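Residue numbers (our numbering): -12 to 63.
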């Protein structure tokens, strides 16, 4: 299977695993990336990032993260 990529490319990683995959893909194909997470530890990289605040909720659901992002969308 062959893929053709055309410039510009932006890789977006969401959450813990998504941010790790996006960071590795960025290094492999030499492109930009954007990381989105509610955990600051996921955002420690040279990629641009958006931290979504879920207040004090431990292990928030996807719906809570989505709702929190939507509530703060004017600041993103």
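Cβ coordinates follow ideal geometry from the N, Cα and C atoms, glycine included. Here the structure is a predicted model, which means the values were calculated and not measured.
Exposed or buried, which one is residue i when buried takes at least 16 other CB atoms within 10 Å?
i: residue 43; result: exposed
i: residue 24; result: buried
i: residue 63; result: exposed
i: residue 9; result: buried
Would you kindly report the start and end of the unbroken alpha helix (DSSP H) that includes residue i?
i: residue 37; result: Premise fails: residue 37 lies in the beta strand (DSSP E), 35 to 38, not in any alpha helix (DSSP H).
Just to confirm, is the Cβ distance from residue i to residue j under 7 Å?
i: residue 22; j: residue 6; result: yes
i: residue -2; j: residue 11; result: no
i: residue 54; j: residue 29; result: no
State whether the stretch 38 to 55 contacts the stretch 9 to 21, with contact taken as three or more CB pairs (one from each stretch) at a distance under 8 Å. no
Complete runs of the beta strand (DSSP E) confined to the stretch -6 to 57 [at least 3 residues]: -3 to 1, 19 to 24, 35 to 38
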